[in-house]
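Note sheet for the following structure.
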Amino acid sequence: MLNLDSSRILPKQKYRVLFYSGSSIFDVIRSQMRQFERHLKTLFFVSISVQHEYYFETNQSRPYENIAGGIVGEVKTRFAFIVNLFDWASFTGLFTIFTVYMF
Numbered sequence: 186m187l188n189l190d191s192s193r194i195l196p197k198q199k200y201r202v203l204f205y206s207g208s209s210i211f212d213v214i215r216s217q218m219r220q221f222e223r224h225l226k227t228l229f230f231v232s233i234s235v236q237h238e239y240y241f242e243t244n245q246s247r248p249y250e251n252i253a254g255g256i257v258g259e260v261k262t263r264f265a266f267i268v269n270l271f272d273w274a275s276f277t278g279l280f281t282i283f284t285v286y287m288f
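Going by our numbering, the sequence shown wraps up at 288, each residue one higher than the last.
Pasting the structure below:
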């Protein structure tokens, strides 16, 4: 069986000295890291300002009624197949129900 006694690995007094001195070492490392972080922020800091102007002018070539009529006409032509399909399906469905009911 393996014996892992901490007193054999690291004596208690040395551990205490290491613990007390370790906190000050970590404080120094922490302050150096913060200083390095500030240095990197100032090194890579970029300030960008953008100014944009946008101007357009429209010339009405057709009245709004013609434009709206064109849009409605195009929608009707694109959906004509679907409307015809639903009309055919409803006629077929009614014919089937009528045939089943009569016979």
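For each residue, glycine too, the CB sits at the ideal point set by N, CA and C.
Rounded to a whole number of angstroms, what is the C-alpha to C-alpha distance between residue i and residue j?
| i | j | result |
| --- | --- | --- |
| residue 186 | residue 228 | With a pLDDT of 49 at residue 186, under the threshold of 50, the modelled position of that residue is not reliable, and the figure given next carries that caveat. Going by the C-alpha atoms only, they are around 57 Å apart. |
| residue 219 | residue 226 | 11 Å |
| residue 275 | residue 283 | 12 Å |
| residue 224 | residue 239 | 39 Å |
| residue 203 | residue 212 | Residue placement at residue 203 cannot be trusted, given a pLDDT of 49 that sits under 50; what the coordinates show is reported in the next sentence. Each residue's alpha carbon lies about 14 Å from the other. |
| residue 281 | residue 270 | 16 Å |
| residue 216 | residue 222 | 10 Å |
| residue 277 | residue 255 | 33 Å |
At a threshold of 7 Å, does residue i count as lining the ligand GDP (C-beta to nearest heavy atom)?
| i | result |
| --- | --- |
| residue 233 | Annotation note on the ligand GDP: not contained in the displayed structure, which lists no ligands. |
Does residue i come within less than 8 Å of chain B when only Cβ atoms are used?
| i | result |
| --- | --- |
| residue 236 | This model lacks chain B altogether; it includes just one protein chain. |
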